[in-house]
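**Student:**
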Amino acid sequence: MSFAELGLIPELQKAVADAGYTEPTPIQRQAIPIVIAGHDVMGGAQTGTGKTAGFTLPLLHRLARHASTSTSPARHQTRALILAPTRELAMQVYESVKTYSKYVPLRATCIYGGVDMNAQIQELRRGIEIVIATPGRLLDHVQQKTINLSQVEMLVLDEADRMLDMGFIPDIRRILGLLPAARQSLLFSATFSDEIKKLADQMLKNPQLIEVARRNMVSETITHVVHPVSSGMKRNLLAHLLRHQPDTQALVFVDTKIVCGRLAHFLERHGISADAIHGDKSQQQRTETLEAFKAGKLRVLVATDVAARGIDIDELPYVINFELPHTAEDYVHRIGRTGRAGHKGNAVSLVCAEEKHWLNDIQKLIKLEIPQEIVPGFEPEPEFFEAGSRGGRGRRGSADKADGGRERAPRAAQPAAPRAERGGKRPGRSTIAPDGFDFSKPYESSIAAPAAETAGTTAKPDEPPRRGQRPVAFLLGGLGRK
DNA sequence: AAAAAAC
Numbered sequence: 106m107s108f109a110e111l112g113l114i115p116e117l118q119k120a121v122a123d124a125g126y127t128e129p130t131p132i133q134r135q136a137i138p139i140v141i142a143g144h145d146v147m148g149g150a151q152t153g154t155g156k157t158a159g160f161t162l163p164l165l166h167r168l169a170r171h172a173s174t175s176t177s178p179a180r181h182q183t184r185a186l187i188l189a190p191t192r193e194l195a196m197q198v199y200e201s202v203k204t205y206s207k208y209v210p211l212r213a214t215c216i217y218g219g220v221d222m223n224a225q226i227q228e229l230r231r232g233i234e235i236v237i238a239t240p241g242r243l244l245d246h247v248q249q250k251t252i253n254l255s256q257v258e259m260l261v262l263d264e265a266d267r268m269l270d271m272g273f274i275p276d277i278r279r280i281l282g283l284l285p286a287a288r289q290s291l292l293f294s295a296t297f298s299d300e301i302k303k304l305a306d307q308m309l310k311n312p313q314l315i316e317v318a319r320r321n322m323v324s325e326t327i328t329h330v331v332h333p334v335s336s337g338m339k340r341n342l343l344a345h346l347l348r349h350q351p352d353t354q355a356l357v358f359v360d361t362k363i364v365c366g367r368l369a370h371f372l373e374r375h376g377i378s379a380d381a382i383h384g385d386k387s388q389q390q391r392t393e394t395l396e397a398f399k400a401g402k403l404r405v406l407v408a409t410d411v412a413a414r415g416i417d418i419d420e421l422p423y424v425i426n427f428e429l430p431h432t433a434e435d436y437v438h439r440i441g442r443t444g445r446a447g448h449k450g451n452a453v454s455l456v457c458a459e460e461k462h463w464l465n466d467i468q469k470l471i472k473l474e475i476p477q478e479i480v481p482g483f484e485p486e487p488e489f490f491e492a493g494s495r496g497g498r499g500r501r502g503s504a505d506k507a508d509g510g511r512e513r514a515p516r517a518a519q520p521a522a523p524r525a526e527r528g529g530k531r532p533g534r535s536t537i538a539p540d541g542f543d544f545s546k547p548y549e550s551s552i553a554a555p556a557a558e559t560a561g562t563t564a565k566p567d568e569p570p571r572r573g574q575r576p577v578a579f580l581l582g583g584l585g586r587k
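In this text, residue positions in the first sequence follow my numbering: the first is 106, and each later residue adds one.
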């Protein structure tokens with residue numbers, strides 16, 4: 106099976122060949138003919154399956170074919186609109202469109218917030234057939250009348266479930282209202298909740314269903330492992346692990362922006378090249394950091410879930426969950442950054458006692474029992490092994506409520522104990538680990554952020570995650586929380 | 001629970 110057999114015009118086949126691809130992936134085999142035929146599509150493809158090319162190629166095909174067969178007055182009007190939930194994702198789709206459109210006379214641009222609007226306005230004035238955008242800035246342009254969506258023939262909603270999570274639905278509806286009713290629409294989503302189905306009902310006509318991998322499934326090329334560890338020792342364990350894989354890159358996920366910045370700083374100060382990416386960084390910083398990581402100039406990228414979905418990094422060998430995500434779906438998305446395109450990948454999670462509950466949710470969703478390996482010198486607190494599979498969740502939850510102490514008590518004991526004991530607790534063994542990491546330094550002092558970074562923040566970097574108060578949600582399982 | 005996204 107070749108791209109030629111899928112019916113793509115020669116200009117696109119040539120661009121595909123230039124990019125080094127010879128065989129379409131399963132989703133491309135399915136999606137390309139359906140989109141070329143003009144059908145609406147509801148696509149459920151796992152990431153790393155070639156989904157982006159799966160819709161950009163037939164989209165370019167249709168636009169190019171149409172332009173060549175008519176003297177359209179709508180030349181250089183916006184004819185295709187692709188919406189993505191994050192700026193980086195929009196940029197990535199834009200790169201794909203640019204790659205494949207090099208031999209067709211179609212213009213594309215990327216529209217997102219956080220950067221100067223004037224440059225985008227200038228660009229739009231040139232006449233742009235394909236606009237890739239995040240919803241907020243697009244509506245901004247609509248309001249300023251610097252974009253006209255009345256001639257849009259094709260709409261793509263990428264990562265629709267993510268858009269839903271992020272509260273984009275009102276924006277999406279507004280945008281849908283600005284588009285011609287006679288158009289082709291494609292909707293891609295990793296999961297199919299009722300809300301997604303509702304949205305699909307509203308925006309798709311007789312959609313063809315494309316579902317390559319069973320939803321929520323994770324790539325079989327990924328090796329999962331959990332390292333049980335006390336929350337206070339996570340940073341040190343991370344440094345330890347990274348030192349034992351000196352030549353590999355890793356994407357490290359954390360739950361909050363504060364931990365994100367501090368962890369990157371911690372790694373830097375321990376000789377591991379690292380930077381942070383999260384929503385409070387300037388767009389320029391975000392772009393530069395991601396580029397540096399993709400180019401291999403940066404060894405470790407510490408990220409919030411801004412980078413959890415869709416971001417494509419060539420042959421990334423490691424995704425490390427420094428903190429376990431609180432929903433199982435997020436785990437699937439995060440680790441989906443590795444093991445892409447048939448490559449091998451490793452999903453490593455550092456899990457403390459408080460996070461065991463989420464681990465159970467994850468294992469249930471991915472239908473896999475993740476092996477647990479304790480790294481010598483980084484043993485978890487004894488609580489980790491208590492109370493079987495539920496990790497003492499209910500017990501702790503009710504205790505917190507009962508003492509009315511804003512769940513201070515159990516948590517205060519947590520950082521305090523290791524801090525006081527760290528220096529003296531390990532006299533029996535060398536305080537210098539085999540990898541050269543100096544464990545003799547007290548925990549707090551070895552991670553203390555410089556004054557500038559600490560100023561204005563109150564949260565502790567390694568505070569154990571707050572316990573979720575979702576007793577009902579647990580019982581409901583995946584039935585329908587949220 | 002926090003994250004993301006428009007000014």
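Ideal placement from N, C-alpha and C gives every residue a C-beta, glycine not left out.
Which of the three DSSP states is assigned to residue 148 in this structure?
**Tutor:** If DSSP states are grouped into helix, strand and coil, residue 148 belongs with the strands.
**Student:** DSSP puts residue 316 in a beta bridge; with which residues?
**Tutor:** The partner list for residue 316 (beta bridge, DSSP) reads 149.
**Student:** Is residue 215 helix, strand or coil when you go by DSSP?
**Tutor:** Three-state DSSP puts residue 215 in a strand.
**Student:** Using a Cβ-Cβ cut-off of 6 Å (strictly less than) and excluding sequence neighbours within five positions of residue 486, which residues of its own chain qualify?
**Tutor:** Answer for residue 486: 335 and 458, listed in chain order.
**Student:** Note down, in chain order, each residue of its chain lying with its Cβ closer than 7 Å to the Cβ of residue 382, except the 5 sequence neighbours on either side.
**Tutor:** Around residue 382: 391, 394, 395, 406, 408, 411 and 412.
**Student:** Quick one, are the C-beta atoms of residue 121 and residue 136 less than 8 Å apart?
**Tutor:** No, they are not a contact pair.
**Student:** What residues in its chain sit with their C-beta under 8 Å from that of residue 113, if we drop five residues either side in the sequence?
**Tutor:** So the qualifying residues of the chain are 121, 137, 141, 162, 163 and 166.
**Student:** Run through the DSSP bridge pairs and tell me what residue 333 is partnered with.
**Tutor:** For residue 333, which the question treats as bridged, DSSP gives the partners 456.
**Student:** On the three-state DSSP scale, how would you describe residue 118?
**Tutor:** Note: residue 118 maps to helix in three-state DSSP.
**Student:** Go ahead and label residue 353 buried or exposed: buried means 16 or more other beta carbons lie within 10 angstroms of its beta carbon, across all protein chains shown.
**Tutor:** Exposed is the call here.
**Student:** Answer with buried or exposed for residue 223, where buried requires no fewer than 16 other C-beta atoms within 10 angstroms of its C-beta.
**Tutor:** It is exposed - the Cβ of residue 223 has fewer than 16 other Cβ atoms within 10 Å.
**Student:** What are the start and end residues of the beta strand (DSSP E) that includes residue 423?
**Tutor:** Note, residue 423: beta strand (DSSP E), 423-426.
**Student:** For residue 466 and residue 314, I'd like the C-alpha separation in whole angstroms.
**Tutor:** Their Cα atoms are separated by approximately 28 Å.
**Student:** Does the distance from the C-beta atom of residue 256 to that of residue 184 stay below 8 Å?
**Tutor:** A contact, by the Cβ cut-off of 8 Å.
**Student:** Only counting runs of 4 or more residues, tell me where the alpha helix (DSSP H) segments fall wholly within the segment 400-450, in order along the chain.
**Tutor:** Taking only runs of at least 4 residues, the alpha helix (DSSP H) segments lying wholly in the segment 400-450 are 433-440.
**Student:** Which same chain residues end up closer than 7 Å to residue 240 when comparing Cβ atoms and leaving out the 5 residues on each side of it in sequence?
**Tutor:** Around residue 240: 188, 273, 276, 277 and 280.
**Student:** With 16 as the cutoff for other CB atoms within 10 Å, does residue 236 come out buried or exposed?
**Tutor:** So residue 236 counts as buried.
**Student:** Based on the DSSP output, what are the partners of residue 380 in its beta bridges?
**Tutor:** Paired residues: 406.
**Student:** On the three-state DSSP scale, how would you describe residue 252?
**Tutor:** Coil, per DSSP.
**Student:** Go ahead and label residue 430 buried or exposed: buried means 16 or more other beta carbons lie within 10 angstroms of its beta carbon, across all protein chains shown.
**Tutor:** Looking at its Cβ environment, which holds 16 or more other Cβ atoms inside 10 Å, residue 430 is buried.
**Student:** Ignore the nearest five residues each way along the sequence and tell me which others in residue 464's own chain have a CB closer than 7 Å to its CB.
**Tutor:** Around residue 464: 331, 429 and 456.
**Student:** What do you reckon, are the CB atoms on residue 154 and residue 130 nearer than 8 Å?
**Tutor:** Contact: yes.
**Student:** Have a look at residue 460 and residue 309 and give me their C-alpha separation to the nearest angstrom.
**Tutor:** The straight-line gap from Cα to Cα measures roughly 40 Å.
**Student:** To the nearest angstrom, how far is the alpha carbon of residue 186 from that of residue 246?
**Tutor:** Their Cα atoms are separated by approximately 13 Å.
**Student:** Taking residue 358 as part of the beta strand (DSSP E), name the residues at either end of that continuous run.
**Tutor:** Residue 358 -> beta strand (DSSP E) spans 355-358.
**Student:** How long is the line joining the alpha carbons of residue 199 and residue 489, rounded to whole angstroms?
**Tutor:** Answer to the nearest angstrom: the Cα atoms are 45 Å apart.
**Student:** Checking the sheet assignment: what are the DSSP bridge partners for residue 293?
**Tutor:** DSSP lists 148 as partners of residue 293.
**Student:** So, under 8 Å CB-CB, residue 422 and residue 450 are touching, yes? Tell me the CB distance rounded to an integer number of Å.
**Tutor:** Sure, about 6 Å apart at Cβ, within 8 Å.
**Student:** Got a sec? Which residues, its chain only, sit under 6 Å from residue 366 by beta carbon, not counting five neighbours each side?
**Tutor:** The answer, listed in chain order, is 381.
**Student:** Run through DSSP, which three-state label would residue 327 get?
**Tutor:** Residue state, collapsed to three classes: strand.
**Student:** Taking the alpha carbon of residue 211 as the point to measure from, which residue in 217, 203 and 386 has its own alpha carbon closest?
**Tutor:** Measuring from the Cα of residue 211, the nearest candidate turns out to be 203.
**Student:** For the candidate residues 470, 231, 324 and 196, whose alpha-carbon lies nearest to that of residue 217?
**Tutor:** Comparing Cα positions, the closest option is 196.
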